[in-house]
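Residue numbers (the numbering used here): 19 to 139. All C-beta atoms in this analysis are idealised placements derived from N, C-alpha and C, irrespective of residue type, glycine included. Everything numeric in this text was worked out from a predicted model, so none of it was measured. Following: one structure in structure tokens, then a few remarks.
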């Protein structure tokens, strides 16, 4: 019997002021099957002059990614061009994308950054 694999991205975004809800959005598309995934923990050094590519293991083209970090880092997909870098302070989730390369960079001059990365095709 073959393995049954599913990826189920979900996110909740709420805004409140003085206990009054201003905005509430829940994102939870239908689950999708996947073939490959990779999970890795990286420690990025300080003052990185250039971006480092994350090894996506057996994932040729990523569709989903979850990155969690303890320091602000920069993230880019498919390119290391300066205008493509996204600052990420705690986490980022992308679903339904299409990328073949994933790059990260820690420009902090004092603290290393620990990054947990999960990539799914």
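Have a look at residue i and residue j and give me their C-alpha separation to the nearest angstrom.
| i | j | result |
| --- | --- | --- |
| residue 110 | residue 83 | 8 Å |
| residue 130 | residue 72 | 16 Å |
| residue 43 | residue 128 | 36 Å |
| residue 101 | residue 118 | 18 Å |
| residue 51 | residue 79 | 14 Å |
| residue 47 | residue 58 | 25 Å |
| residue 63 | residue 87 | 13 Å |
| residue 53 | residue 85 | 20 Å |
| residue 37 | residue 20 | 49 Å |
| residue 112 | residue 23 | 19 Å |
Just checking my contact of residue i with residue j at CB under 8 Å: how many whole Å lie between their CB atoms?
| i | j | result |
| --- | --- | --- |
| residue 25 | residue 49 | 7 Å |
| residue 114 | residue 135 | 18 Å between Cβ atoms; not a contact. |
| residue 138 | residue 55 | 4 Å |
| residue 91 | residue 61 | Not confirmed; about 11 Å, so no contact. |
Got a sec? Which residues, its chain only, sit under 8 Å from residue i by beta carbon, not counting five neighbours each side?
| i | result |
| --- | --- |
| residue 104 | 92, 93, 94, 110 |
| residue 40 | 33, 34 |
| residue 116 | 79, 80, 81 |
Could you name the residues of the same chain whose beta carbon sits closer than 7 Å to that of residue i, not counting the 5 residues immediately before and after it, in chain order?
| i | result |
| --- | --- |
| residue 74 | 56, 80, 120, 137 |
| residue 107 | 90 |
- request: Count the CB pairs spanning the stretch 66-81 and the stretch 111-127 that are closer than 8 Å, and state whether there are at least three.
  value: yes
- prompt: Three or more beta-carbon pairs under 8 Å between the stretch 93-102 and the stretch 25-34, yes or no?
  reply: no
message: Extract the residue ranges of the beta strand (DSSP E) inside the stretch 49-81, only unbroken runs of 3 or more that lie entirely within it.
response: 55-62
message: Could you tell me which whole alpha helix (DSSP H) segments of length 4 or greater appear in the stretch 86-120?
response: none
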